[in-house]
Every structure is written in C-alpha cells, then in structure tokens.
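Report on the following structure.
In this note's numbering, the protein residues as written are 1444 to 1575.
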C-alpha cells in the first residue's frame, strides 16, 4: 500500500475518509460473498442427506420386494408347522381323554364293587344278628 495520509489539508483528510470508506465497502462485499458461499455450502449436506434417504428408501423397497417370495415361503412353513403342532396336540388330548375315561370307568367299577361288598357284608351281619 503506497498511500501516505496527509491530515494537514482538507483534501488529504477527504482522501483518508474516501480510502477508509472503500476499504469498508470492500470488507462488506467480501463478507457478503463469504456468507453466500457458506449458505451454499450448508445446502450441500442437506441435498446429500436427502438423496441418501431417497436411495435408502428405494433400496429398502427393493430389498423387501426381492425377499417377498422367501418371506411368503417362511410364513407358509410357519403356518404348516403350527397346524401340525395343533393336530399333534389335539391327538394327544384325545388320547389323554380316552385314557382318563377308561380309568374313570375302572374306578367306577371298583367303587360299585366295594359298595356291593359293603352291602353284602351289612346284609350278612344283619342276618347273623337276627339268627343270634
């Protein structure tokens, strides 16, 4: 900078003021350019993130579409397995009910037998008391 300030004359003071004004204008202009550039640069990550989200969403949809036959197969296998387990449980329950029924019949017969024995015993005792 080859400017030599001269404050002794009105013209020199005007030149100093003019130079200071030009420097201030240049500073404001450059600062504005910097702000604009920063604003533009801040938009870039937003655009990148938006594009990443779009790509992720599309790939998730594609993955789901590609996997759908396998998902359907797995669901069908799970349904078949559940049906088989339900059938096996029903068969086991039927066997248990049949077994319990047979046991109940045997217990009923035993109860009837014991009751008949007690009746006969009571009848014999009653006759032996009549005879005595």
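Where is the CB? At the ideal position from N, CA and C, for every residue including glycine.
> Since residue 1569 is in the alpha helix (DSSP H), which residue starts that stretch and which ends it?
Replying inline: 1453-1574
>> With a threshold of 6 angstroms on Cβ separation, who are the neighbours of residue 1503 within its own chain once the five nearest residues in sequence on each side are excluded?
In response: none
> Among residues of its own chain, excluding the 5 on either side of residue 1449, which ones have a beta-carbon nearer than 7 angstroms to its beta-carbon?
Replying inline: 1455
> Which same chain residues, not among the five before or five after residue 1530, have their C-beta less than 8 angstroms away from its C-beta?
Replying inline: none
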